[in-house]
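Working notes, structure below.
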């Protein structure tokens, strides 16, 4: 039997130790989330918007500010692979514990998004008009907006400016750009109907405050983005709030809205639910077709303008957030996600959202995407449940 000399054994042990450390630190411990696919790179910035409104969740029962995270097109070249943390450390930790992931499962992901990069200076020339500004709202009590990065960054890469609004003390965790931290109810908190209705009111007030602040903020940031016309969309209660806000304002301010899998509340769940502008409801498999959610039936009956209800087979409620990507990590995420692959879900979701706003805000001829046979041809996972063209012009 051959024996290694002491120097050779020490050298071998050193190599084995180095290999072990490499497996812990890089690249296995640091992975990049799926990148965006549009013509632009993506920048992001956090902005604090002042507000003053009653809020039972806030200290002193008054909200004084909320967080707007802007995702936007930039020409700056990113690091490849990305080196920017995907999530704040606290949000990553909260979801790792909630979903029973091993420590570091989410915290070790990075993104190519570039914080505070300059706005794409060629966009006006490239597109012939300003970047449409979209207003996004997340689910009630989480996930917060940073957990929709795949959707929001993809839209930004296609030329949109997305303002993602987190209501402080409602979301489980929000970190301001100065490092201030704000905690809300835990992820497992059971929200009552009254609390949900109040949350929609807060979302609407936040949206009014953002729209009021946006012209000055866009000028300060050097954004070539629309400041007098917006698309509204959101997930879960964020989708309900988006359509509720649209119903309150003139169509010239919000020409169109999207609800991603959210039940509808209040006036939108009544015979007075007409939003009088194009609206798109995207839902999980069976959301409308099985009459799981009667609020969508009442909403559809009340519409006078163009509307569509489309389901994506193989999806459940959490697939509309980045959890559709997390579900493929080890161990798998909880069962509120379906069997569609995360990559495919992001592709279908972003294509439908971008196509709708390309048509309604940018004036691009993409309305045929929302009818068969084009819809099923490109996205065979989709089901056109119902829809009418209604009145498209005032």
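Residue numbers (mature numbering (1 follows the signal peptide of the UniProt record, and there is no 0)): -30 to -1, 1 to 364.
Ideal Cβ placement from N, Cα and C applies to all residues, glycine included.
All of these numbers come straight from a predicted model, not from anything done at the bench.
- [ ] State yes or no: is the C-beta of residue 66 within less than 8 Å of the C-beta of residue 76?
- [x] yes
Open item on the list: Am I right that residue 118 and residue 289 are in contact with their C-beta atoms under 8 Å? What's the rounded C-beta distance?
Closed with: That pair is no contact at about 12 Å.
- [ ] To the nearest angstrom, report how far apart residue 268 and residue 92 are at their CA atoms.
- [x] 44 Å
- [ ] Taking the CB atoms as reference points, tell me whether residue 111 and residue 141 lie closer together than 8 Å.
- [x] yes
TODO: Kindly give me the distance between the Cβ atoms of residue 180 and residue 135, rounded to whole angstroms, as I take these residues to be in contact under 8 Å.
DONE: 6 Å
- [ ] Confirm the yes/no value for this check: CB of residue 63, any heavy atom of the ligand SAH, distance under 7 Å.
- [x] With respect to the ligand SAH, the structure offers nothing, as it holds no ligand at all.
TODO: Pair every Cβ in the segment 149 to 169 with every Cβ in the segment 38 to 55, then say whether three or more of these pairs are closer than 8 Å.
DONE: no
Open item on the list: Within 10 Å of its beta-carbon, does residue 16 have 16 or more other beta-carbons around it, so buried, or fewer, so exposed?
Closed with: buried
Task: Nearest-angstrom Cβ-Cβ length linking residue 129 and residue 6, presumed shorter than 8 Å - done: Rounded, the Cβ-Cβ distance is 11 Å, inconsistent with contact.
Open item on the list: Could you compute how far the alpha carbon of residue 299 sits from the alpha carbon of residue 352?
Closed with: 25 Å
Task: Proximal residues to residue 310 (C-beta, below 6 Å), its chain only, five neighbours per side dropped - done: 284, 285
Task: Per-residue DSSP class, three states only, for residue 132 - done: strand
TODO: Spell out the partners DSSP gives residue 226 in its beta bridges.
DONE: 201
TODO: May I have the straight-line CA-CA distance separating residue 223 from residue 200, to the nearest angstrom?
DONE: 6 Å
- [ ] Tell me whether residue 348 sits in a helix, a strand or coil according to DSSP, three-state version.
- [x] helix
Open item on the list: Taking the alpha carbon of residue 254 as the reference point, which residue from 232, 238, 193 has its own alpha carbon closest?
Closed with: 232
Task: Distance between beta carbons of residue 278 and residue 354, contact taken as under 8 Å - done: 7 Å
Open item on the list: Quick check on residue 173: buried or exposed, where buried means 16 or more other Cβ atoms within 10 Å of its Cβ?
Closed with: buried
Open item on the list: On the CB-based measure, 16 or more other CB atoms within 10 Å of its CB, does residue 139 come out buried or exposed?
Closed with: buried
- [ ] State the start and end residues of the unbroken beta strand (DSSP E) segment that holds residue 12.
- [x] 11 to 24
TODO: Have a look at 347, 228, 346, 322 and flag the residue whose alpha-carbon is nearest the alpha-carbon of residue 366.
DONE: Any question about residue 366 goes unanswered here, given that the chain covers just -30 to 364.
- [ ] Please report how far the alpha carbon of residue 39 lies from the alpha carbon of residue 115, in whole angstroms.
- [x] 8 Å
Task: Residue from 164, 144, 188, 131 whose Cα sits closest to the Cα of residue 328 - done: 131
TODO: Using three-state DSSP, classify residue 1 as helix, strand or coil.
DONE: strand
Task: Limits of the unbroken beta strand (DSSP E) element including residue 125 - done: Taken as a continuous stretch (DSSP letters only), residue 125 belongs to no beta strand (DSSP E), being part of the alpha helix (DSSP H) at 119 to 127.
- [ ] Starting from the C-beta of residue 143, find all residues in its chain whose C-beta is less than 8 Å away, skip the five residues before and the five after it, and write them out in chain order.
- [x] 58, 60, 61, 64, 114, 151, 152, 153, 154
- [ ] Please classify residue 247: does DSSP put it in a helix, a strand, or coil?
- [x] coil
TODO: Determine the direct distance from the alpha carbon of residue 86 to that of residue 318, and round the result to whole angstroms.
DONE: 28 Å
Open item on the list: Below 8 Å on the Cβ atoms is my contact criterion, and I expect residue 32 with residue 22 to pass it. Report the Cβ-Cβ distance as a whole number of Å.
Closed with: 7 Å
Task: Residues bridged to residue 354 (per DSSP) - done: 280
Task: residue 3 beta carbon less than 8 Å from that of residue 81 - done: yes
Task: Rounded C-alpha distance that separates residue 96 from residue 252 - done: 30 Å
- [ ] Could you please give the first and the last residue of the uninterrupted alpha helix (DSSP H) stretch that includes residue 312?
- [x] 312 to 330
Task: For residue -5, three-class secondary structure by DSSP - done: Low per-residue confidence applies at residue -5: pLDDT is 37, beneath 50, and the placement is therefore not dependable, though the value from the model is reported in the following sentence. Residue state, collapsed to three classes: coil.
Task: residue 204 classed as buried or exposed, judged by whether at least 16 other C-beta atoms fall within 10 angstroms - done: buried
Open item on the list: Do residue 100 and residue 35 count as a contact pair if the criterion is CB distance below 8 Å?
Closed with: no
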